[in-house]
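Numbering (my numbering), first residue to last: 53 to 210.
Each remark here refers to the structure printed beneath this line.
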Amino acid sequence: MPSENRSAEQVEDLTFNFCRELARASGGDEVAYRVSGALHLLDGSQRLRTTRLQSDQMLRALLSATPAILALFPESTVQRWAVKGIEAAAAQICSLSEAPARRAARPATSAADIRDHARWLRNACHNLALIEQIEERAAQRQSDAIVELKRAALRVAK
């Protein structure tokens, strides 16, 4: 498969998967996990070049997920960082459809700030997803322990 076809396939996969993850997040489905995953896809795709239409689709998905993302961070100070992360992700999406010369003209420090703000949001969402998983396992262990106590009580009562 020629390199151009492989690249076009990668861009289509990125657009589809990024939008799918954020649509699920917008619907309240594992918001932190989905946003972290979408931002991971975006971070790993910065060498690709999308069409403007694909970037617009991704921007709409990010905009649609923004209320769900912000709801993860109720504290105003942390929410300000989340807003910066969302803005940075939007900048990364826009850069995907820019001409290579325009991308190269961006100061390295600006590009680093954009990358790091988006990475902060990705990490914060990932950490929240980990906390959710830990709490789910703890709740399951507690539920299992209660079931076992009930079984033991029934055996003793017989």
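Every residue, glycine too, gets a C-beta built ideally from N, C-alpha and C.
Every value quoted in this text rests on a predicted model; they were computed, and no experiment measured them.
Kindly indicate the opening and closing residues of the alpha helix (DSSP H) around residue i.
i: Lys202; result: Ala160 to Ala209
Going by alpha carbons, who is nearest to residue i out of the options?
i: Thr88; options: Arg99, Leu114 and Leu100; result: As written in the sequence, residue 88 is Ser, which differs from the Thr given in the question. Considering only alpha carbons, the answer is Leu114.
i: Ser59; options: Arg207, Glu188, His92 and Ser97; result: Ser97
i: Gly137; options: Arg171, Glu187, Asn69 and Asp65; result: Arg171
i: His169; options: Gln131, Ile186 and Arg104; result: Gln131
i: Glu139; options: Gln194, Cys177, Asp65 and Leu173; result: Leu173
i: Leu93; options: Ala123, Thr118, Asn69 and Ala209; result: Asn69
i: Met110; options: Cys146, Ala151 and Ala153; result: Cys146
Quick one: what does DSSP say residue i is sitting in, helix, strand or coil?
i: Met53; result: With a pLDDT of 47 at Met53, under the threshold of 50, the predicted position of this residue should be treated as unreliable, though the coordinate-derived value follows. Note: Met53 maps to coil in three-state DSSP.
i: Gly89; result: helix
i: Phe68; result: helix
i: Arg99; result: coil
i: Ser149; result: coil
i: Pro119; result: helix
i: Leu94; result: helix
i: Asp108; result: helix
i: Glu73; result: helix
i: Leu124; result: coil
i: Glu82; result: coil
Could you tell me how far apart the beta carbons of residue i and residue j are, in whole angstroms, since I believe they sit closer than 8 Å?
i: Ile121; j: Gln144; result: In fact, because the Cβ distance is near 15 Å, the residues do not count as touching under 8 Å.
i: Thr102; j: Val63; result: 5 Å
i: Ala117; j: Ala77; result: 5 Å
i: Ala90; j: Leu105; result: Actually they do not touch by this definition, with Cβ atoms about 18 Å apart.
i: Ser149; j: Ser195; result: With 8 Å as the limit, Ser149 and Ser195 do not qualify as a contact, their Cβ atoms being about 48 Å apart.
Does the structure place the stretch 170-186 close enough to the stretch 69-88 that three or more beta carbon pairs sit under 8 Å? yes
The stretch 187-203 contacting the stretch 147-162, beta-carbon criterion three pairs below 8 Å: no
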